[in-house]
Amino acid sequence: MNRTTPDAEAAFRELFEAAYDDLLVFVERRTDLAVADDVVAETFLVAWRRLDDVPDALDEARAWLFTVAHNLLRNRQRSEQRQQKLALRILREPEGDTGGDADAVAAHVDLARAWQHLSPADQEALTLTAIEDLTGPQAAHVLGISRTAFSLRLLRARRRLRQHLRQQPEPGPAPSPAPARTASPGGPA
1 MNRTTPDAEA AFRELFEAAY DDLLVFVERR TDLAVADDVV AETFLVAWRR LDDVPDALDE
61 ARAWLFTVAH NLLRNRQRSE QRQQKLALRI LREPEGDTGG DADAVAAHVD LARAWQHLSP
121 ADQEALTLTA IEDLTGPQAA HVLGISRTAF SLRLLRARRR LRQHLRQQPE PGPAPSPAPA
181 RTASPGGPA
């Protein structure tokens, strides 16, 4: 499909109408229903952005869409696996003997709790730089975004992590003091 033609929008609309339902069923069989809509929307976004790469024949275009959706699903699964592995790494005991250093253990637990409150996008940005040791431009390339966009994402992720680390768990209600017993005259004290 050629994006430069005046009817590119009409061609995209025709492709969308011809493939949406089948593509949604395809994706729903491979992932959660909540994720399926996002993957299908992302697939059509890729198709719109790469309209010149979409084959002209409708059958071939549908197959191209299925391939894109399949690749997006695999990318999501790899991302989820990396995040799970990182979460497990964070939750593991620190390597080496801490000598019972309560502060180090508390900091580790605080980090694990704060990490769980971050969005997957924040976790990914932090993981790429802190764990995978990628530079900002390399991480931006991995995510397919500009260097500036990645820098902002990383800055915001670090800020949110610091905010979660600063937040103290809310204390439970203080136990109410037991009512004072007063000795009654003539009774046991």
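1 is the number of the first residue of the sequence shown in UniProt numbering; add one for each residue after it.
Virtual Cβ for every residue (Gly too), placed ideally from N, Cα, C.
These numbers were taken from a predicted model, which means no experiment stands behind them.
So, with DSSP's three-state summary, where would you put D59? helix
Mapping DSSP to helix, strand and coil, what is I145? coil
Can you tell me whether A157 is buried or exposed, with buried defined as 16 or more other CB within 10 angstroms of its CB? buried
May I have a chain-ordered list of the alpha helix (DSSP H) segments no shorter than 4 residues that lie completely inside the UniProt domain "RNA polymerase sigma-70 region 2" (32-82)? 33-49
Pop quiz: V27 and A36 are said to be a contact at Cβ under 8 Å. What is the actual Cβ separation, rounded to whole angstroms? 4 Å
Closer than 8 Å is the cut-off here; do at least three beta carbon pairs connect the segment 79-86 with the segment 37-49? no
Give the secondary structure of H117 by DSSP, where H, G and I count as helix, E and B as strand, and everything else as coil. coil
Where R30 sits in the DSSP three-state scheme: coil
According to the neighbour-count rule (16 or more other Cβ atoms, all chains shown, within 10 Å of its Cβ), is R133 buried or exposed? According to the sequence shown, residue 133 is Asp rather than Arg. D133 comes out exposed.
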